[in-house]
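Novice: Each protein sequence line maps, in turn, to chains A and B. The first sequence begins at 5 in my numbering and counts up one residue at a time. The second sequence begins at 103 in my numbering and counts up one residue at a time. Every residue gets a Cβ at the ideal spot worked out from N, C-alpha and C, and that includes glycine.
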Amino acid sequence: MTRGPECLSDLVLDEKLAGGAVTVAQVAHLDGCENCRARLAELERDREAFQKRARPAAFADAVLAQRPPRRRWAIWVAIAPAALGAMAVVAMWMRPRPLDGERVKGAPVAVELWVRSGDKTERYAEDHHYKGGDALQLIYSARAPSHLTVIDVEQGGKAALLYRSDGALPAANRRRIDQSWVLDAGTNPERLYLVFTDGAPDENSLLDAAKRADVARPDPLAVPATAQATFLIAR
Amino acid sequence: MDRAELEALYTKSGAAVERRCRALLGDGEEARDMVQEVFLRAVRHADEFRGEASPTTWLYRITTNLCLNRLRDRKALVPIDLVAPLLTDGGSVEGRTAAKEKAAELMEGLDDRTRAAIIYRYLDGMTQDEIAVLTGWSRKTLGKKLGSFEARALALAEGEKR
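1) Assuming Tyr197(A) is part of the beta strand (DSSP E), what are its boundary residues?
2) Taking CB distances under 8 Å as the criterion, tell me whether Met228(B) reaches chain A.
3) Nearest-angstrom Cα distance between Leu166(A) and Leu15(A)?
4) Using DSSP's beta-bridge definition, name the partner residues of Ala231(A).
5) Reducing DSSP to helix, strand and coil, say where Leu142(A) ends up.
6) For Cys37(A), decide whether its Cβ has a neighbour in chain B, counting only Cβ atoms nearer than 8 Å.
7) Using beta-carbon positions only, say whether Thr201(A) and Ser150(A) come within less than 8 Å of one another.
8) Quick one: what's His132(A) bridged to in DSSP?
9) Where does His151(A) fall in DSSP's three states?
10) Can you give me the start and stop residues for the alpha helix (DSSP H) that Trp185(A) sits inside?
11) Using the beta-carbon count (16 or more within 10 Å), is Ser240(B) buried or exposed?
12) When you compare only the Cα positions, how much space is there between Arg124(B) and Pro228(A)?
13) Over what stretch of residues does the beta strand (DSSP E) that includes Ser121(A) continue unbroken?
14) Grouping DSSP H, G and I as helix and E and B as strand, with all else coil, what is Val219(A)?
15) Looking only at its own chain, which residues have a Cβ that is under 6 Å from the Cβ of Ala148(B), when we skip the five neighbours before and after it?
16) Do Ala118(B) and Asp18(A) have their beta-carbon atoms positioned less than 8 Å apart in this structure?
17) Could you tell me which of Leu12(A), Cys11(A), Ala22(A), Pro9(A) sits nearest to Ser184(A), measuring between CA atoms?
18) Could you tell me the boundaries of the beta strand (DSSP E) in which Leu173(B) lies?
19) Is the beta carbon of Ala164(A) closer than 8 Å to that of Ala32(A)?
20) Given that Arg121(B) touches chain A, what residues does it touch there, using C-beta distances under 7 Å?
21) Would you report the Cα separation of Thr159(B) and Leu236(B), rounded to the nearest angstrom?
22) Could you tell me which residues DSSP pairs with Thr27(A) in its beta bridges?
23) To the nearest angstrom, report how far apart Leu248(B) and Thr216(B) are at their CA atoms.
24) Tell me whether Ala238(A) sits in a helix, a strand or coil according to DSSP, three-state version.
25) For Asp226(B), does the three-state DSSP call read helix, strand or coil?
26) On the three-state DSSP scale, how would you describe Leu12(A)?
27) Please compile the residues from chain B whose C-beta is within a distance smaller than 7 Å of the C-beta of Ser13(A).
28) Given 8 Å as the limit, is there contact between the region 134-147 of chain B and the region 166-180 of chain A, that is, 3 or more CB pairs closer than that?
29) So the beta strand (DSSP E) Glu126(A) belongs to, where does it begin and stop?
30) Residues of the region 130-141 of chain B with a CB closer than 8 Å to any CB of chain A: list them in chain order, please.
31) Output yes or no for whether 8 Å exceeds the beta carbon distance between Ala64(A) and Ile155(A).
32) With the cut-off set at 8 Å, would you say Pro222(A) and Leu211(A) are in Cβ contact?
33) Measure the C-alpha to C-alpha separation of Thr229(B) and Ala218(B) and round it to an integer number of angstroms.
34) Can you tell me the Cα-Cα spacing of Pro9(A) and Arg223(B), whole angstroms?
35) According to DSSP, is Asp213(B) part of a helix, a strand, or is it coil?
36) For Leu225(A), does the three-state DSSP call read helix, strand or coil?
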């Protein structure tokens, strides 16, 4: 396998597999690059094999046994900044708010889109202009298990598959999906389409429908779905 | 970092750490021990984890630095296989052996940060922007360092062909 100059690094692919943030451009590249897809599949197999043999509890025992004893206050001082940071993020994400049901055509599913820009995390606003580096995170609520596909369409009909749930997402109340996306430096508006289906979706049909969509209009895609939502990302 | 966080981090990122330790130290006991060392360092220095970097990036940096220390203890500089392909067209066994000797020469005198940058470039296939974040160098400085390294590699490879 040859890695071309435009190919994604292992860091990006590991980030994707760990559910971290990847950019829209990186997702689009992965979509069209056989080498990167092959490398991702290789890393995924390696990761699955690791997870089958990994014993996290025993590993934690072994690691923590090597940690020298410290006074309790010292441990607290050491972990406090990270812990407080994590708590702040959780508080941001979990702040109770009414669900954004009006964006969902169909029931019983609701979604919220949150955007982290610099050190601020705010709920998506249609009239806000977003910039490269802003990270998008989706939260969903569903009364029954459902498959979710997220497609990004740029003005001009360029469509990319951003996310496809690994099987049906469980029924949940305000659950984060295990993927976020970082906007690239483009200036054209983009539209995200969230398509919930009972069974595994036909990705090609979804992408074809997305390519025909008018980014300026908040219409659902012409595909069979239990529910759909859409967000315009103004730049 | 508490026990539950450590277990979660290991489950999520252990495969990547283990793969890179194997690539840098070889597929043996030393690499397995190094995985524990990486996570021990993560537990001890959880306060250094800055919110803007992802756990994956943070663990990449820890793994690289600890493996470079271990390689230095072994009197090795970076895994020679990593840079040998720059010095040969992948032909004969003799050619590869010679390339490995040249690779050792190539790596001599490089500081830790440059060696880390070379690992990120040739092991992980990172872009200069990604390497700049991990090494803390400006894009310009990094370009000069890698450019100089590649020019030396090319000169050594040309010498080998003659």
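Specialist: Inspection of the coordinates gives the following:
1) 194-201
2) yes
3) 18 Å
4) For Ala231(A), DSSP records a beta bridge to Phe200(A).
5) Residue state, collapsed to three classes: strand.
6) no
7) Contact: yes.
8) Answer is none; His132(A) lacks a bridge partner.
9) Strand.
10) It is not in any alpha helix (DSSP H) - Trp185(A) instead sits in the beta strand (DSSP E) that spans 176-186.
11) By the neighbour-count rule (16 or more Cβ atoms within 10 Å), Ser240(B) is not buried but exposed.
12) 47 Å
13) That run of the beta strand (DSSP E) goes 113-121.
14) coil
15) Met103
16) Result yes, Cβ atoms of Asp18(A) and Ala118(B) sit closer than 8 Å.
17) Ranking Leu12(A), Cys11(A), Ala22(A), Pro9(A) by Cα distance to Ser184(A) puts Ala22(A) first.
18) Per DSSP, Leu173(B) belongs to no beta strand (DSSP E); it is in the alpha helix (DSSP H), 157-175.
19) yes
20) Asp50
21) Their backbone Cα atoms lie some 7 Å apart in a straight line.
22) Looking at the DSSP assignment, Thr27(A) forms a beta bridge with Val186(A).
23) 8 Å
24) strand
25) coil
26) coil
27) Asp226, Gly227, Met228, Thr229, Glu232
28) Three or more Cβ pairs closer than 8 Å define a contact, and the region 134-147 of chain B falls short of that threshold against the region 166-180 of chain A.
29) Looking at the DSSP string, the run of the beta strand (DSSP E) that includes Glu126(A) is 124-127.
30) Gln138, Phe141
31) Taking C-beta atoms as the reference points, Ala64(A) and Ile155(A) fail to come closer than 8 Å.
32) no
33) 14 Å
34) If I take the Cα positions, the gap works out to 11 Å.
35) coil
36) coil
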